[in-house]
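Reading through the structure tokens given below for one structure.
Protein chains in written order, with our numbering: chain A, 56 to 310; chain B, 1012 to 1248; chain C, 265 to 685.
This is the structure:
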């Protein structure tokens, strides 16, 4: 499995996309830290950007890579390797590359300029989001053989999690605005990894006060030890669930 | 060595294999032939585990291959058109394959030398011609000394000299007691290499006979003509 | 207006000077020393024995002072902060005579009960009182001025009882009084740092009020007061001012009032005041106002607040001019459709307009209310989408096709760059 990952990683490293991505992140985060003299403002800007860029790049890059690397998978299939191993190997290889890019591009600037609890939470959420969207990309890739369709599904997933889902939430909150929604809101946040990541970061930025008494609801929940374990578990579920469904589909797939 | 029991496979509405029962034994060279779309490649892919049959079972050395992958260490597969990671160089590809297969038996690098691939280690896979890619595929198929060789259109795209080298290699493998399954459209080649022929037609085995039998039954000396004759007879029936 | 203030200040200082004059020139005045080895060992009996306008000098030491009543004009001066201790039994000092000066005393340990507003120094129904350079520790109320006038409270340091807890009184409380000057004091750990009710013509200047459980400054029904150069920092809920006319708040700092229900400055039913040159930074809400009319907000800096201004629709004819808004999550929020207030020549860091004629004023208006802030106002749970991409898109869409935000809530001439102070 790790041997496959190793070759996937080497392969990705050879393409210029990953280097461009790393530099892009590095320039943006360094730029925000250098030209914005208020660190907490830079942190917020970085958060806003990674919440859009990371899911998008992770899912599109991984899907494209998966399809472009189909020969490699075909080659592997004729070898004494289980399909589970192949998928996991691919996943780990891609994950390692993108997480490395993220750590260099965002992690290092944060460690230099904002090595605090907020910084740590941003780094962790970024990694979790990267992994989640690679996992979703693998799902999209095994779901259909057609590359255009697969990338289409990926973009739709990104669009859904980045925009549509939040719009739906607004709709739900509007429709049920007369009801107490404390618990519902926590569930709603858990159903979107991007929202979950963002809320956890914002709470660390102590912006919860701004959220008024409802903010207290989030803070009380996500700020507690139970909430921490809860959010970490949910994030892990978001990584593992699409991946294990992918493995199930891939096991029965004809290639 | 390899036994299939009533293999059925549909792709959507199209039924590609309609119950295939075969037995491939070690030490023989079998040629699977049939018109385009008769299900040859699907059958091979079923054996390789790349396509999962809708029903029926495949046994390798008496073991059911569903939910198993380790049997593939005994198979060397040469695809019709080899797809390899484009960014990789030949040398890296071989190194990787050696790395991925935990080598137990001794490596067979004869083809590597005869095709002079040793001196092309620095060439990237995407720059290779179709013929060279086929040479790489062939070298890979034989490299790990497998008990079974599955070669899909092995000589298509190879220059005559390279094709000759491959044929000799196949005959050598047969002598070593290996099972070789070849699909091919070139009857002269089949005649040269194969002991018996399995003829697939619309997802079913039309016949499975030794070449000797075919020739004597039809009274033809040339295999191509013999096959054509059989086909004609069948059409009359 | 400005002349009035200057005149008021002048008059108050003159009265202080006049008091001192009496002390110095008073023909009958004597000076009495009180200490452990002196003839007068006891604070209370020294007062009893003193004549009017006498000066009592308290040497360093600890004196019991369980509600010592000062009932004649006296000057009491502490040397090296003698401690007056009420042993948690009552008030420490009550002043019920005019012309009393308390200087350099260390006043401690009032009763904690809630039967009475126990104070370190209580001043009741008198005139011409000076409380200067005293330290008050562990008092329920610090300095409590009631029905008095012409009082100067200067350079005192007040630390509340049960520091930071709810069951404590106010640092400096001024009730139903006139012409009180509160200057250079440091009030911390009370319920309210400085509290005024029915207090007119007062000047509150150069004070630091911090870490109070509720408000740094709290006043109601206190017209014509002036607040200059004070710092209100890190108080439970900030500063609340209500039901008052013609207040002037100049060059104060409202900072670090950050919490679920905190704000820099709450204005409720205020009329005709001037809020100028103040700095509001790091508050959850810098200014929240309701029912306040004809207020002028000029040259203030709103920096890094959650909301810079929350202005309820029942506020009218207020003007916001020459202010800087920078680094606030929301520049403004409102709850209504109509807005009858004027915004002009403010600098907004979120302004994305242009200035083609180079007059340093943007050519298109700026709308400080974002669609999202309106949404949050109506559906508080929507805060979970704070800083999400969707919200950003919504805001941009609304900016281009306004439909929900009151169109009159605009700065028609926003500045291109920050006002330099």
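Cβ coordinates follow ideal geometry from the N, Cα and C atoms, glycine included. Predicted model, so just to flag it, every value in this text is computed and none were measured.
Assuming residue i is part of the beta strand (DSSP E), what are its boundary residues?
i: residue 343(C); result: Here residue 343(C) belongs to no beta strand (DSSP E), and DSSP marks it neither H nor E.
i: residue 522(C); result: Residue 522(C) -> no beta strand (DSSP E), and no H or E assigned at all.
i: residue 370(C); result: 370-372
i: residue 217(A); result: Neither: residue 217(A) is in no beta strand (DSSP E) and is coded neither H nor E.
In chain A, which residues lie less than 8 Å from residue i when you measure between Cβ atoms?
i: residue 1035(B); result: What residue 1035(B) touches in chain A: nothing, since even the nearest Cβ is about 17 Å away.
i: residue 1019(B); result: The premise fails here: residue 1019(B) is roughly 13 Å from chain A at the closest Cβ pair, so nothing lies under 8 Å.
i: residue 1112(B); result: 134 and 135
i: residue 591(C); result: 93 and 96
Identify the contact partners of residue i in chain A, using a Cβ-Cβ distance below 7 Å as the criterion.
i: residue 1096(B); result: 66, 124, 126 and 127
i: residue 1072(B); result: Those within 7 Å of residue 1072(B) in chain A number zero; the least Cβ separation is about 13 Å.
Where residue i and residue j are concerned, what is the direct C-alpha to C-alpha distance, given to the nearest angstrom?
i: residue 535(C); j: residue 472(C); result: 26 Å
i: residue 291(C); j: residue 308(C); result: Here the model assigns residue 291(C) a pLDDT of 49, short of 50, so the residue's position is not dependable and the matter cannot be decided.
i: residue 265(C); j: residue 466(C); result: For residue 265(C), the predicted structure reports a pLDDT of 48, less than 50, and the residue's modelled location is therefore unreliable. A value from the coordinates is still provided. Distance between the alpha carbons of residue 265(C) and residue 466(C): 14 Å.
i: residue 1113(B); j: residue 308(A); result: 26 Å
i: residue 506(C); j: residue 190(A); result: 57 Å
i: residue 302(C); j: residue 366(C); result: 20 Å
i: residue 497(C); j: residue 481(C); result: 10 Å
i: residue 460(C); j: residue 378(C); result: 20 Å
i: residue 1229(B); j: residue 1221(B); result: 12 Å
i: residue 1182(B); j: residue 1156(B); result: 14 Å
i: residue 176(A); j: residue 500(C); result: 28 Å
I'd like to know if residue i contacts chain A, where contact means its C-beta is closer than 8 Å to some C-beta of that chain.
i: residue 1083(B); result: yes
i: residue 643(C); result: yes
i: residue 553(C); result: no
i: residue 1088(B); result: yes
i: residue 1025(B); result: no
i: residue 1223(B); result: no
i: residue 603(C); result: no
i: residue 1198(B); result: no
i: residue 404(C); result: no
i: residue 657(C); result: yes
Return the first residue and the last residue of the alpha helix (DSSP H) that residue i is part of.
i: residue 1172(B); result: 1171-1186
i: residue 601(C); result: Where residue 601(C) is concerned, there is no enclosing alpha helix (DSSP H), given that its DSSP letter is neither H nor E.
i: residue 117(A); result: 94-123
What residues from chain C crowd round residue i, counting only those whose CB sits closer than 7 Å?
i: residue 242(A); result: Here the premise fails: no neighbours, minimum Cβ distance about 11 Å.
Closest Cβ-Cβ distance between residue i and chain C: below 8 Å?
i: residue 290(A); result: no
i: residue 228(A); result: yes
i: residue 171(A); result: no
i: residue 107(A); result: yes
i: residue 284(A); result: no
i: residue 139(A); result: no
Which bits of chain C does residue i rub up against, with CB to CB less than 9 Å?
i: residue 102(A); result: 651
i: residue 273(A); result: 647 and 648
Using a C-beta to C-beta distance shorter than 7 Å, which residues of chain B count as neighbours of residue i?
i: residue 75(A); result: Residues of chain B passing the Cβ test: none, with the nearest at roughly 16 Å.
i: residue 143(A); result: Those do not exist, as residue 143(A) stays about 14 Å from chain B at its closest Cβ, beyond 7 Å.
Residues of chain A with CB closer than 9 Å to the CB of residue i, please, in chain order.
i: residue 654(C); result: 217, 218, 219, 220, 221, 222, 224 and 225
i: residue 369(C); result: Simply none; closest approach about 39 Å.
i: residue 1154(B); result: Chain A residues near residue 1154(B): none, gap ~12 Å exceeds 9 Å.
Measure from the C-beta of residue i to each C-beta in chain B and report whether the shortest distance is under 8 Å.
i: residue 69(A); result: yes
i: residue 120(A); result: no
i: residue 130(A); result: yes
Does the distance between the C-beta of residue i and the nearest non-hydrogen atom of the ligand GTP fall short of 7 Å?
i: residue 259(A); result: For the ligand GTP, the structure offers nothing, since it holds no ligand at all.
Listing by chain order, which chain B residues have their CB less than 8 Å from the CB of residue i?
i: residue 202(A); result: Going along chain B, no residue has its Cβ under 8 Å from residue 202(A), so there is no contact; the nearest lies around 14 Å.
Which residues in chain C have a C-beta closer than 8 Å to the C-beta of residue i? List them in chain order.
i: residue 279(A); result: Under the 8 Å cutoff, chain C gives no residues; its nearest Cβ is about 16 Å from residue 279(A).
Can you list the residues of chain B that residue i reaches, using a CB-CB cut of under 9 Å?
i: residue 310(A); result: 1056, 1061 and 1062
Using 8 Å as the cut-off, can you tell me whether the stretch 1183-1201 of chain B makes contact with the stretch 1019-1031 of chain B, which would need three or more C-beta pairs spanning the two stretches below that distance? no
Three or more C-beta pairs closer than 8 Å, one from the stretch 440-460 of chain C and one from the stretch 468-482 of chain C: is that the case here? yes
Any 3 or more C-beta pairs closer than 8 Å across the stretch 403-417 of chain C and the stretch 372-389 of chain C: yes
Any contact of the stretch 107-123 of chain A with the stretch 1062-1075 of chain B, i.e. 3+ C-beta pairs under 8 Å? no
Are the stretch 1120-1131 of chain B and the stretch 1199-1215 of chain B in contact at 8 Å, needing three or more beta carbon pairs? no
Would you call the stretch 663-676 of chain C in contact with the stretch 618-633 of chain C, where contact means no fewer than 3 C-beta pairs closer than 8 Å? yes
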